[in-house]
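Presented below is the structure to which this report refers.
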């Protein structure tokens, strides 16, 4: 249903932490001009954890309005409370998002049965396409392949963003669910190999600063063109590393500030990128043609 380079869009903020809608519009147009295949808003990279409910829905609505149907908009609507996830997903559907991305419930560490029932409840309550999101490094919660396989039977659960970075894990999901559910990489460094193995795209942090290259990488890898994909991936490789020298989205927001795209605003407890990393991130950006 969705494919290619899907940017995990940052949420621009002014230095006082207020939302910056003008910068948001600038980012949306930047991606549309540079081949991004879908925009994922208010996910982890969009600082969803520090937006209140009204802000969360407002950002989704504004992105939908700015995109004007030119590419799909996927809204992050996950929560560690099932009722809140349902409310956010309803909001996303109401304002016109094309799909919802739901991170596994964080902090409270549910069982696999709890995860199954959580996702099933959201899917049954809100009849829009939904993508599961597994990132145990941030949530302390791991959605196992056998649970994904159970959820693949739910008609409007259409995909999984797998961000463990484990190709072995992702291949198991492909074997179990490949005919019923699309798989997306949530780890830029391993995305090429995963797409060559059958994944339909990547939900990418790196695409924020190098959207054209990430689009080219996805097009080549999904088409099975290993040589073409490797050539592009080589240019992006240093960015994959340097955009995670501190917790996401700290480095990528600083990189976009360097590009003149946004203000340096970020909300506590996140802080601006430490100065000792500035030159390394600049060097990676230059290699990818972002500066």
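Residue numbers (the numbering used here): 20 to 310.
Where a beta carbon is used, it is the ideal one built from N, C-alpha and C, also for glycine.
{"Check": "Which residue from 230, 109 and 264 puts its Cα closest to that of residue 52?", "Outcome": "230"}
{"Check": "Does the beta-carbon of residue 80 have 16 or more other beta-carbons within 10 angstroms, so that it is buried, or is it exposed?", "Outcome": "buried"}
{"Check": "Can you list, in chain order, the stretches of the beta strand (DSSP E) that have 3 or more residues and sit fully within the stretch 217 to 302?", "Outcome": "220 to 223"}
{"Check": "Taking 7 Å as the limit between beta carbons, can you name the residues of its chain near residue 36, skipping five residues before and five after?", "Outcome": "284 and 286"}
{"Check": "Less than 8 Å between CB atoms is the rule here; does residue 150 satisfy it with respect to chain B?", "Outcome": "Going by chain labels, chain B is absent from the structure shown, which holds only one protein chain."}
{"Check": "Which first and last residues belong to the alpha helix (DSSP H) in which residue 104 is found?", "Outcome": "101 to 113"}
{"Check": "Quick one, which of 255, 292 and 25 has its alpha-carbon nearest residue 268's?", "Outcome": "292"}
{"Check": "Report all residues from its chain with a CB closer than 7 Å to the CB of residue 191; omit the five preceding and five following residues, and keep chain order.", "Outcome": "164"}
{"Check": "In the DSSP output, what is residue 168 paired with across the bridge?", "Outcome": "Paired residue(s): none; residue 168 is not in a bridge."}
{"Check": "Let me know the secondary structure DSSP gives residue 325 once reduced to three states.", "Outcome": "Here the chain has residues from 20 to 310 only, and residue 325 is not among them."}
{"Check": "So what does DSSP say about residue 139, is it helix, strand or coil?", "Outcome": "helix"}
{"Check": "Starting from residue 90 and walking both ways along the alpha helix (DSSP H), at which residues does that stretch end?", "Outcome": "Here residue 90 belongs to no alpha helix (DSSP H), and DSSP marks it neither H nor E."}
{"Check": "Just to confirm the assignment, what range does the beta strand (DSSP E) spanning residue 119 have?", "Outcome": "118 to 122"}
{"Check": "Whole angstroms are fine: how far does the CA of residue 189 sit from the CA of residue 95?", "Outcome": "21 Å"}
{"Check": "Note down, in chain order, each residue of its chain lying with its Cβ closer than 6 Å to the Cβ of residue 308, except the 5 sequence neighbours on either side.", "Outcome": "none"}
{"Check": "DSSP three-state call for residue 70: helix, strand or coil?", "Outcome": "coil"}
{"Check": "How many Å lie between residue 125 and residue 183 at the Cα?", "Outcome": "15 Å"}
{"Check": "For residue 29 versus residue 88, is the C-beta spacing smaller than 8 Å?", "Outcome": "no"}
{"Check": "What's the C-alpha gap between residue 172 and residue 20?", "Outcome": "16 Å"}
{"Check": "Looking at the unbroken beta strand (DSSP E) that takes in residue 44, where does it start and where does it end?", "Outcome": "It is not in any beta strand (DSSP E) - residue 44 instead sits in the alpha helix (DSSP H) that spans 40 to 52."}
{"Check": "Give me the Cβ distance between residue 59 and residue 222, rounded to the nearest whole Å; I'm assuming they're in contact under 8 Å.", "Outcome": "5 Å"}
{"Check": "Within the same chain, show all residues whose beta-carbon is closer than 7 Å to that of residue 15, passing over the 5 residues directly before and after it, in chain order.", "Outcome": "In this structure the chain extends from 20 to 310, so residue 15 is not present and cannot be described."}
{"Check": "Roughly how far, in whole angstroms, is the beta-carbon of residue 104 from the beta-carbon of residue 147, given that I think they are within contact range, below 8 Å?", "Outcome": "No, residue 104 and residue 147 are not in contact; Cβ-Cβ is about 13 Å, not under 8 Å."}
{"Check": "Kindly identify the DSSP beta-bridge partner or partners of residue 95.", "Outcome": "120"}
{"Check": "Residues in its own chain within less than 6 Å of residue 220 by CB, not counting five upstream and five downstream?", "Outcome": "22, 23, 25, 203 and 237"}
{"Check": "Among the residues of its own chain, which have a CB less than 6 Å from the CB of residue 276, if the five just before and after it don't count?", "Outcome": "283"}
{"Check": "Quick one: using the 10 Å Cβ neighbour count with 16 as the cut-off for buried, is residue 130 buried or exposed?", "Outcome": "exposed"}
{"Check": "In whole angstroms, what is the alpha-carbon distance linking residue 217 and residue 186?", "Outcome": "11 Å"}
{"Check": "Which value, in whole angstroms, describes the spacing of the CA atoms of residue 111 and residue 74?", "Outcome": "12 Å"}
{"Check": "Label residue 113 either buried or exposed according to how many other C-beta atoms from any shown protein chain fall within 10 Å of its C-beta, with 16 as the threshold for buried.", "Outcome": "exposed"}
{"Check": "Starting from the C-beta of residue 206, find all residues in its chain whose C-beta is less than 6 Å away, skip the five residues before and the five after it, and write them out in chain order.", "Outcome": "182 and 184"}
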